[in-house]
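Here is the structure we will look at.
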Amino acid sequence: MKTIRTLAVAGVGMMALAAAAPAIAQDEVILRLLPHHTDAMVENYNPNNPTGPQQRMRDFAYEPLWIDNLWHPDQDFPALATSFELADDLLSITYHLREGVKWSDGEDFNADDVVFSFDYAKAHPDYPMGIDVYNGETGNVVSAEKIDDYTVKFNLNEPDALVRYGLGGLYPLPEHIWSSVEDPKNFANLNPVATGPWTEVRNFSRNGYEICRNELSRYNADNAIDCLNFPQMNGNEQTVAALSAGDLDWLGDGLTDPDVTFLPQSEFNNYWLPAGSDVNLQINTTKAPFDNVEFRKAMSVAIDRDTLVDISTFGLTTHTKFPIGTGEMFNTWYNEAELEPYTWLMQYDPDKAMEMLDEAGFVDADGDGWRDNPDGTPIAFGISMPSGWTDWVNTGQTVAENLQDIGINASLRTMDQGAWFDSAPRGEFDVYVMWTNGGPTPHSQYHPMFNPRLMVPGQIDFQAMHQMRIPEAEEALNAFRSTGDRDEQLAELLKVHKLVAENVPVISLFANPTWYEYSTRRFTGWVTEENPYVRPQVHDGNRERVIHALSLKPIEN
7 MKTIRTLAVA GVGMMALAAA APAIAQDEVI LRLLPHHTDA MVENYNPNNP
57 TGPQQRMRDF AYEPLWIDNL WHPDQDFPAL ATSFELADDL LSITYHLREG
107 VKWSDGEDFN ADDVVFSFDY AKAHPDYPMG IDVYNGETGN VVSAEKIDDY
157 TVKFNLNEPD ALVRYGLGGL YPLPEHIWSS VEDPKNFANL NPVATGPWTE
207 VRNFSRNGYE ICRNELSRYN ADNAIDCLNF PQMNGNEQTV AALSAGDLDW
257 LGDGLTDPDV TFLPQSEFNN YWLPAGSDVN LQINTTKAPF DNVEFRKAMS
307 VAIDRDTLVD ISTFGLTTHT KFPIGTGEMF NTWYNEAELE PYTWLMQYDP
357 DKAMEMLDEA GFVDADGDGW RDNPDGTPIA FGISMPSGWT DWVNTGQTVA
407 ENLQDIGINA SLRTMDQGAW FDSAPRGEFD VYVMWTNGGP TPHSQYHPMF
457 NPRLMVPGQI DFQAMHQMRI PEAEEALNAF RSTGDRDEQL AELLKVHKLV
507 AENVPVISLF ANPTWYEYST RRFTGWVTEE NPYVRPQVHD GNRERVIHAL
557 SLKPIEN
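According to the working numbering, the sequence shown holds residues 7 to 563 in order.
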């Protein structure tokens, strides 16, 4: 049996606390951060509502069981659990919970809340609680078992060497509150009860709100920040101006030539863009013409990725070599010799793209200057983007122009970010430019991409928007996670790589940087290239962001 226990002081990493904290400069210290763009705030504090509240309430108010430090795996941050044990047969995992934790209303946190939360997720499959650790269409975690008040055992249907990464991301809900909530997906949770450092909502308006110190939090002795302020903003130009003026402290936006447009705006402006994961075109393969693999391949070779990298994204992104959807952050997992035959799909060749379309029957049947489907019906579709995302708007425009050059009637469609986020789960789209998830292994990107449970209209995951079932890929991913042997994992992963390259469910564009901008006007302790103690991005999906926030100290005036 393997036991994992990582020590931390009050849940905050030792690297981040090395420097002495300056004296607090004012009566109330407020950190202003922007994890999410929106046209207007809607009062909703549901931690599993992906349209916005999740970005602000997870990690800061609602805590997970475990915070993996992906850049420093030997320096994890235990959260609501203090250790875990993975059984030798990989058929169960046991979490030991932190004792003495209180919900913000004074009730005790214990194993009952964890078991309830897991059972609640299973009972409400349309409520995205972020613990999808399933095998194909069958729930692999068959039960959550209370061993004692502070020990929970999860029993699995099949061996799973990676289950800790899924279950560690369970954000427990207080049973005494949520047991009476019959429709969690539409529950606004106007009086949030949580265990994190900041739980008390204050000053809500359409223009923003704050969550303030949880007086019962175990972090209070080391937490120098009284409130987190989430302003309403939409558009990179607005957010950069706010950071430069001192109205924001922490941001994660794509920038236009930051050395020219960002750094000179304020002596306090800083950025660091460590390498990130792949950016792909997510294509709705449930309808024509995207249900034709030759059409998808032709789209791929029609795209001028040099222009995307050098101009559309201002030279801040990097090329990705293989058409496998996961980018260069996992290049130590790639079998380059086996994948080399597929690199033609990443090379700009509009003549070849037109030849492929002609051979597949995508010709201009009605003489209007645009190619049609083989049955003669017209092709016209949009590449959808939030209007304020400058670099991705440029990307979408470049791709649309590349496709127009080979006779495909494609256009850029910009929309409010809220509408953009809402449309994808319902399957109401043609093509999206979309990020991929980070994680400790490529499985963390491929699992949501090919999990059929995440392809159900109404709750489609952003990674599974293509909605293409590839049973062989599902089987290989299940085999990957059922072993801890690296060579066996590599063999299964190669199967997935080839299946992605051959079927093109997504089209790889480039590797994104990790967008991270911050101001040193009011706080010290920021993650830097010289002190990368956690991943620095402010967005949901990065559990380490709460450690980052707790590590900041106000500058004395």
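Backbone N, C-alpha and C define an ideal beta-carbon position, used for all residues, glycine too.
- Here A430 is actually not in contact with M455; their C-beta atoms are around 14 Å apart, not less than 8 Å.
- Bounds of the alpha helix (DSSP H) holding F486 are P477 to R487.
- Pairing A308 with N298, the inter-Cα distance amounts to about 16 Å.
- With at least 16 other beta carbons inside 10 angstroms of its own, T201 counts as buried.
- In the three-state reduction of the DSSP assignment, D74 falls in the coil class.
- Around the CB of I466, 16 or more other CB atoms lie within 10 Å, so the residue is classed as buried.
- Rounded to the nearest angstrom, the Cβ distance from I289 to V437 is 5 Å, consistent with a contact under 8 Å.
- Nearest to T88 by C-alpha distance, out of G106, L96, W77 and V246, is G106.
- With contacts defined as CB atoms closer than 7 Å, P329 and L351 qualify as a contacting pair.
- Distance between D65 and A371, taken at the CA atoms: about 54 Å.
- For M461, no pairing in a beta bridge is given by DSSP.
- When DSSP states are grouped into helix, strand and coil, M440 belongs to the strand group.
- Using a Cβ distance threshold of 7 Å, L314 and T442 do not count as a contacting pair.
- For N286, the three-state secondary structure derived from DSSP is strand.
- DSSP assignment within the segment 334-363 yields the following whole alpha helix (DSSP H) runs of 4 residues or more, N-terminal first: 342-345.
- For F301, the enclosing alpha helix (DSSP H) stretches over residues V299 to V307.
- Taking each of S272, A230 and F124 in turn and checking the Cα distance to E562, the smallest one comes out for A230.
- Under the three-state reduction of DSSP output, G388 falls in the strand class.
- The beta-carbon distance between Y354 and R311, rounded to whole angstroms, is 6 Å. This is short enough to meet the 8 Å contact definition.
- In this model, R432 and Q81 are separated by some 39 Å (Cα to Cα).
- Residue range H449 to M455 is occupied by the alpha helix (DSSP H) that includes M455.
- For V148, the enclosing beta strand (DSSP E) stretches over residues V147 to D154.
- Taking 7 Å as the cut-off, the Cβ atoms of V120 and V158 count as close.
- Per DSSP, the unbroken alpha helix (DSSP H) holding M63 starts and ends at P59 to M63.
- Per DSSP, the continuous alpha helix (DSSP H) segment holding S250 begins and ends at N242 to A251.
- Counted as a single uninterrupted DSSP element, the beta strand (DSSP E) harbouring T100 occupies residues S98 to L103.
- Listed as beta-bridge partners of D378 by DSSP are P384.
- Per DSSP, the continuous alpha helix (DSSP H) segment holding R432 begins and ends at Q423 to R432.
- When the five nearest sequence neighbours on each side are left out, the beta carbons in the same chain lying within less than 6 Å of the beta carbon of N161 are those of S98, V148 and S149, in order along the chain.
- Out of T332, E243 and A485, the CA that lies nearest to the CA of P511 is found in T332.
- At the C-beta level, R38 and D263 stay beyond 7 Å of one another.
- Straight-line spacing of the CA atoms in I36 and L234 works out to 6 Å.
- Contact annotation: the segment 191-205 touches the segment 217-224, with at least three C-beta pairs closer than 8 Å.
- Every beta strand (DSSP E) stretch that sits fully inside the segment 187-242 and reaches 3 residues is listed by chain position as 204-211, 214-219 and 233-237.
- In this structure, the CA atom of D422 is about 24 Å from the CA atom of L322.
- If you compare the alpha carbons of V207, E300 and G490 with that of H449, the shortest gap goes to G490.
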